[in-house]
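Colleague: There's a structure below that I have some questions on.
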Amino acid sequence: MTDREVVKKDIEELYLGNLGTVEFDLTLPERGKNGSHISWQSGNLNFMSNEGRVSRPSYGRGNREVAMTAVFRFGSYEEEKVYLVTVLEEHNRIEVDKIYPIRIQAFCGEETHLPCAGAVRTKDGRVISHFLEWEGGLTQRFEQTGKYEVKGWLKDTQIPAVCHVEVLEKGASASGAELPAKRETSCDGFVTLLPGSDFYEAQERVHTYLLHTDADQWLYNFRRAAGLFVKAGRPMTGWDAPEGLLRGHSTGHFLSALALCYHATGDERIREKAVYMAQALKECQAAFAGKEGYHPGFLSAYSQEQFDLLETYTPYPKIWAPYYTLHKILAGLLDLESLAGIKAAGETARGIGDWVYERLSRLTHEQRVKMWSIYIAGEYGGMNESMAELYRRTGKGEYLTAARYFDNDRLFYPLRQGVDALDGMHGNQHIPQMVGAMKLYEAAGEESYRQMAEFFWQIVTRSHTYAIGGCGESEMFHEPGNIAGLLTKSTSESCATYNMLKLTSQLYQYRPDAAYMDYYERAVYNHILSSCDHEPSSGTTYFLSMRPRAVKDFDASENSCCHGIGLESHFKCTENIYFYNAEEIIVNLFIPSRLSLPEEMCQAGGAMELRLETQRERPGQICLRVTAGGNGQGCGREGISRNRKRIRLRRPSWAEGETVLTVDGIPFAAEVENGYLVIDRQWEGVSEVRVEFGCGLRYEKAPDREDYFTVCYGPYVLAALTEQEERLTLEVTEPEKDFEADPDVPLAFRNRETGIRFIPLEQVWREEYQVYMRKKGKE
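Position one of the sequence shown corresponds to residue 1 (the numbering used here), numbered consecutively onward.
Here you go:
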C-alpha cells in the first residue's frame, strides 16, 4: 500500500466505541492497525485531555461535546480526522439532610405555577438550589379554596418533596404588605465630576477611547447578519469576532457607554456617534424584518438560529446565551433614548420588545423554565429589567408579561424561602436577574420582587463579598463565608460588581439606609476604580486577583463581558453621589463633584449649587461649598424659608472617633440620624461646610479565618507591593505601630517590619501585589 492508502485504511478501521455517551477515560491509540502514527488534540481540555482522560461536568452543568482531532501520519502522508465526543455530566449523587418547606399561594380557578426549584441542605452541610418535579406537572389549577399538598420529588432522584398550596378566592390579597413609595431620587443629570480625582481621570480615559473608536466596526456584525453593506468597518475581535457566538453583546455595551458618556460630559461629538449608531441599527432591524421567517422587531449580530436552538434545549457551547446578548443591545438602545434623547433608539427598542413577547408567548411555562435552567445557554442577563422598563415607558401590558416570562425559580424561590442557596450558582448570570426583580417591583408594585432583591443583597454583601466589594470566584458563588479559602487569580468578576452596584442604588431609593452606600463606596473605590487601565485603552480587569504575586490583567481586545461593562462603569459614579427629596439633599459619596440643582427642584427657593472637594491623601477631610440662589427673604406657601433645606452627609462606616463639623468656620452641632449628619439651616449666598472624619489605618479580618486580614485606610483597601510568591505574613499589633506614612508618596504606608510599601489597590497598575495577608505565628 502507498503511504496514503495506509493512512486511509487506518482511519477507516479505527473504532473508539460509543462516543455519544462517554463517562470514562478513552483509550486513544498511538498506532493504527497498519502502522500509521496517531497524535491527538483535545478541543476542550476542561473535559478531556489530549491523552483521553475524562473530566465530567458537574451535575446540572449539562453534557459537553468535545472535538478530538486525530492526525494520522505514515511516511510522507498525513491526514486529520475529527471525532466528536459527548462527555456526560456527572450523575446526581445528592444526599439530602433537609428540603426547606415549599409553600405557595394560589387563586381559585386560575393557573398556578409550582416552583421548579427549591432550597436543599445536603448531608455535607451545603445549601443549594435543586430542581423539583411535581405530580401533575409544574402548571396546575385548583378549583376550590383550601389547603392542598402536591407530591413531587427532587429531579433525577427518588427523594420525595411536598408543595403546600393555600388556595384563596379570586381577588383575595396574597400579601398584606404595603408598598413603600420611592423615598429618594438621584441627582444624576445635575452632577459633574471635578478634574483632578482618580474618578475623573478614569472617566476621561474611557471618554477619549469612545471618541476615537470606529463606529462602523461596532456595526460590522449587525450589517453582515442583516445582509447590508458593512462599509469601512473592520471585523470585531475576541468574543465579538464574526465566528463568535456572543457577537453583538459588546456593541450593546458600547451604546450604553455612549449614552452615559454624553450624559456625564455633554460632549456633542459623542452624541453624534450615538445618533449614527442608533440610525444604523434601525436600518439593520428593518432589513431583518424583510427576511423570510423573521417576525418584525428582531435585531441581532447573528440570525435567529441561536434562539431556535435554545427552544430545543441546545446546550453551551453549541449556543452561547442569545438572550444575554439581546439584553445588552436592548439596554443600550434604552439608554440612548433616556440619556441622550435619541428617539430612533427607543423605537428600535420597542420593536425588540414586540419580538421578545411574540417569541416567548408561543412557549409554555414549562418550556421557558427549562430554557432558563440550561447552563450558560439559558443565561439572559437582565432581560426582565429591560422588558419591565419598556412597560414603564409605554404602559404596554405585553412588555410586563414578557418581563415575568424570565422569572427564574432556581434563584427566586430559595430567596422567597429566606434561604441562602447561592452556592454553585454563576454570579453575574444571577445578579442582573435581581436588578430586573427591582425593576418589576417599580413597574408593577409586586412586593415579593423587592423582598427577594433585598434579601439577595444582604446575603451577597455579608457572606460572599471580598474586602474590595467584589464577589464570586471563577465567576461562581460558593458556600457562605468562604473568603480566605478562595483567594485565587479568578476572584471578583467586574461584571458582577457593576450589577451589584446597580442593585444597591435601586434598593437605596426605596429604603435609604446608609449601609447601602457604605457598600457602594467600598466597591466603587476598590473594585470598579481598580479595574480600569491607566491608559486610554478601554482595558478592564475581568477578574481582580486576590492571590499572592497578583497582577492586573486589562482586557482591551478580547471584548469580554467585563470589557463591555468597563466601557460603562466609569460614567456611572455620579448617579449615587447625591440624592434629594422635597426636604433635603443627601451627600452619600465623597467624590469631588459639583451638583447644580435648578430652582424647580428647590421648592421655589432659587437654584442651589453644592461643590464637594476632597484631598486624595486626606479622605477624612471634606469641604462642601453651598451656594443658594435668591435673597432668602421670601417664604413658601407653608411659611418655610425658601432657602431652608436640610443637607445630610453620610458618616462612613470607616470613620473613627469624633466628627468635627463647621459651617463658615463656626462649629455646628449636627444631629446624627441613621448614619447621617444632618445640617438643618437657612442657606444664603455662599456657605462653606467642613467635615473631618477620624481616618486611620485599620485591619479587617476575613470572615472565615481570623488570621487572614487586609489593611485599609479610610475608604481604601491597601495592596502590598511585593513580588513574593508566598502569602505575606506580618507581625500584627496595632496599625499605627506596624506602619508609617511614606513621606514621598501620598496615601502610601511602609510596614515597619518588612519595609514593604502599601498603596490603595486602585492606584496599582502593572505592579505585582497582595491584598490579603496572614498574621505571623498563625497556622
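Yeah, the Cβ is synthetic: ideal placement off N, Cα and C, and Gly gets one too.
Just so it is clear, the structure is predicted and the values come from calculations on it, not from any experiment.
(1) Whole-angstrom Cβ separation of Y699 and P735, contact assumed at under 8 Å?
(2) Can you tell me which residues form a DSSP beta bridge with H130?
(3) Between L219, L363 and L246, which has its C-alpha nearest R234's C-alpha?
(4) So, helix, strand or coil for K572, using DSSP?
(5) Could you tell me the boundaries of the alpha helix (DSSP H) in which Q786 lies?
(6) Could you please give the first and the last residue of the uninterrupted alpha helix (DSSP H) stretch that includes S494?
(7) So what's H37 in DSSP terms, helix, strand or just coil?
(8) Can you tell me whether A345 is helix, strand or coil according to DSSP?
(9) CA-CA distance, V71 and L19?
(10) Assuming K645 and C602 are in contact, meaning their beta carbons sit under 8 Å apart, how far apart are those beta carbons, in whole angstroms?
(11) How should T606 be labelled, buried or exposed, when 16 other C-beta atoms within 10 angstroms of its C-beta is the threshold for buried?
(12) Looking only at DSSP bridge pairs, what is R73 linked to?
(13) Evaluate E493 with the Cβ neighbour count: other Cβ atoms within 10 Å of its Cβ, from every protein chain shown; 16 or more gives buried, anything less gives exposed.
(14) Determine whether the beta carbon atoms of L812 and T659 lie at a separation below 8 Å.
(15) Go ahead and label G252 buried or exposed: buried means 16 or more other beta carbons lie within 10 angstroms of its beta carbon, across all protein chains shown.
(16) What is the C-beta distance between P592 and G189, in whole angstroms, given that I count them as a contact (C-beta under 8 Å)?
(17) I want to know whether the stretch 761-774 touches the stretch 543-554 - three or more CB-CB distances under 8 Å.
(18) Grouping DSSP H, G and I as helix and E and B as strand, with all else coil, what is G146?
(19) Only counting the same chain, and skipping five residues up and downstream in sequence, which positions put a Cβ closer than 7 Å to that of R393?
(20) Which residues in the same chain as G657 place their Cβ atom closer than 7 Å to its Cβ, once the five residues preceding and following it in sequence are excluded?
(21) Under a three-way DSSP split, which group does A278 fall into?
(22) On the CB-based measure, 16 or more other CB atoms within 10 Å of its CB, does V167 come out buried or exposed?
(23) Starting from K737 and walking both ways along the alpha helix (DSSP H), at which residues does that stretch end?
(24) Checking the sheet assignment: what are the DSSP bridge partners for T614?
(25) When the Cα of K396 is compared with those of R727, A340, P432 and R350, which residue comes out closest?
(26) Three or more C-beta pairs closer than 8 Å, one from the stretch 420-437 and one from the stretch 382-391: is that the case here?
(27) Going by DSSP, name the residue or residues bridged to P322.
(28) Can you tell me whether DSSP reads V732 as helix, strand or coil?
(29) My assumption, with CB atoms under 8 Å, is that Y405 sits in contact with L334. Please give the rounded CB distance.
(30) Should R271 be labelled buried (16 or more other beta-carbon atoms within 10 Å of its own) or exposed?
(31) Cα separation between R522 and P703?
(32) Please state the DSSP three-state secondary structure of L718.
(33) Spell out a yes or no on whether the stretch 493-503 and the stretch 423-432 are touching, meaning 3 or more CB-CB pairs, one atom from each, closer than 8 Å.
(34) Rounded C-beta distance between A287 and A226? I'm assuming under 8 Å.
(35) If I follow the unbroken alpha helix (DSSP H) through L761, where does it start and stop?
(36) Counting along the chain, where does the alpha helix (DSSP H) carrying E292 start and finish?
Modeller: Inspection of the coordinates gives the following:
(1) Working through the sequence shown from its first residue, we reach residue 699 at position 699. Working through the sequence shown from its first residue, we reach residue 735 at position 735. With 8 Å as the limit, Y699 and P735 qualify as a contact, their Cβ atoms being about 6 Å apart.
(2) The count along the sequence shown starts at 1 and reaches residue 130 at position 130. BP columns for H130 point to G118.
(3) Locating residue 234 in the sequence shown gives position 234, where the first residue counts as 1. Among L219, L363 and L246, the Cα nearest to that of R234 belongs to L219.
(4) Your numbering for residue 572 matches position 572 in the sequence shown. The answer is coil: DSSP assigns K572 none of H, G, I, E or B.
(5) The structure shown does not extend to residue 786, since the chain spans only 1 to 779, so no value can be given for it.
(6) Translated into positions along the sequence shown, residue 494 becomes position 494. Note, S494: alpha helix (DSSP H), S494 to Y510.
(7) Working through the sequence shown from its first residue, we reach residue 37 at position 37. H37: strand per DSSP, three-state reduction.
(8) Here residue 345 refers to the residue found at position 345 of the sequence shown. Helix at A345.
(9) Taking the sequence shown and counting its residues from 1, the one referred to as residue 71 is at position 71. Taking the sequence shown and counting its residues from 1, the one referred to as residue 19 is at position 19. If I take the Cα positions, the gap works out to 18 Å.
(10) Against the sequence shown, residue 645 aligns to sequence position 645. Against the sequence shown, residue 602 aligns to sequence position 602. Contact flag correct, Cβ pair sits at about 7 Å.
(11) By one-based count along the sequence shown, residue 606 stands at place 606. The residue asked about is misnamed: residue 606 is Gly in this sequence, not Thr. Under this definition G606 is a buried residue.
(12) Reading the sequence shown from its first residue, position 73 is the one you call residue 73. In the DSSP output, where bridge partners are listed per residue, R73 has H37 and E78.
(13) Position 493 of the sequence shown, counted from the first residue, corresponds to residue 493. Buried is the call here.
(14) As displayed, the chain neither begins before 1 nor continues past 779, which places residue 812 out of reach and without an answer.
(15) For this step, residue 252 is matched to residue 252 along the sequence shown. Buried, since its Cβ has 16 or more Cβ neighbours within 10 Å.
(16) On the sequence shown, position 592 is the one that residue 592 refers to. On the sequence shown, position 189 is the one that residue 189 refers to. About 18 Å separates the two Cβ atoms, so there is no contact after all.
(17) yes
(18) Counting from one through the sequence shown, the residue named residue 146 turns up at place 146. Strand at G146.
(19) For the purposes of this step, residue 393 is taken as residue 393 along the sequence shown, with counting starting at 1. Answer for R393: no residue qualifies.
(20) As a first step, residue 657 is located in the sequence shown; it is residue number 657 there, counting from the start. Taken in chain order, the residues that qualify are G694.
(21) Stepping through the sequence shown from its first residue, residue 278 is reached at position 278. Helix.
(22) The sequence position of residue 167 within the sequence shown is 167, counting from 1. V167 is buried by the Cβ-count criterion.
(23) Position 737 of the sequence shown, counted from the start, is the residue given in the question as residue 737. Unbroken alpha helix (DSSP H) run through K737: P735 to D738.
(24) Start at 1 with the first residue of the sequence shown, and residue 614 comes out as number 614. Answer is I622.
(25) Taking the first residue of the sequence shown as position 1, residue 396 is located at position 396. Among R727, A340, P432 and R350, the Cα nearest to that of K396 belongs to R350.
(26) yes
(27) Position 322 of the sequence shown holds residue 322. Partner(s): none; P322 has no beta bridge.
(28) The residue you call residue 732 lines up with position 732 of the sequence shown. If DSSP states are grouped into helix, strand and coil, V732 belongs with coil.
(29) The count along the sequence shown starts at 1 and reaches residue 405 at position 405. The count along the sequence shown starts at 1 and reaches residue 334 at position 334. Contact check for Y405 and L334: beta-carbon distance about 18 Å, past the 8 Å limit, so the pair fails to qualify.
(30) As a working note, residue 271 is residue 271 in the sequence shown. R271 comes out buried.
(31) Residue numbering aside, residue 522 sits at position 522 when the sequence shown is read from its first letter. Residue numbering aside, residue 703 sits at position 703 when the sequence shown is read from its first letter. Each residue's alpha carbon lies about 17 Å from the other.
(32) As a working note, residue 718 is residue 718 in the sequence shown. Strand, per DSSP.
(33) yes
(34) Reading the sequence shown from its first residue, position 287 is the one you call residue 287. Reading the sequence shown from its first residue, position 226 is the one you call residue 226. Indeed, because the Cβ distance is near 4 Å, the residues count as touching under 8 Å.
(35) In the sequence shown, the residue the question calls residue 761 occupies position 761. The continuous stretches of alpha helix (DSSP H) do not include L761, and DSSP gives it neither H nor E.
(36) Sequence index remark: in the sequence shown, residue 292 carries index 292 (1-based). From DSSP, E292 is part of no alpha helix (DSSP H); its letter is neither H nor E.
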